[in-house]
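First comes the structure, then the notes that go with it.
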Amino acid sequence: MDAAFLSLLACPEATCRAPLADGGDALTCTGCGRRYPLVDGIPVLIVEEALPPESAAP
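Start counting the sequence shown at 214; every next residue gets the next number (this note's numbering).
So, in structure tokens, the structure goes:
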């Protein structure tokens, strides 16, 4: 993902709003750890569709 575009994005969770980092197939919040999937290269920044943090995954 383009670094300039990524620098404009932040976690959509109201209590977080931390920057996002490129994680390959998802954007990862640097604050809360939620992972927002990329669908056809487009980030899905919907809190309800976010994947849990890696450490919380089974």
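Backbone N, C-alpha and C fix where the C-beta goes; we use that ideal spot for every residue, glycine too.
Since the model is a prediction, treat every value here as computed from it, not as a measurement.
9 Å Cβ cutoff met for residue i and residue j
i	j	result
TYR249	PRO265	no
LEU240	ALA234	yes
LEU222	LEU258	yes
Closest residue to residue i among the options (Cα-Cα distance)
i	options	result
ASP215	SER268, GLY254, ALA231	GLY254
GLU261	ASP238, THR243, GLY236, ARG247	ARG247
PRO256	GLY237, GLU267, GLY244, THR243	GLY237
Local conformation of residue i per DSSP, three classes
i	result
ALA234	strand
LEU258	coil
Closer than 8 Å: residue i CB and nearest the ligand NAP heavy atom
i	result
GLU226	Looking for the ligand NAP in the displayed structure turns up nothing, as the structure carries no ligands at all.
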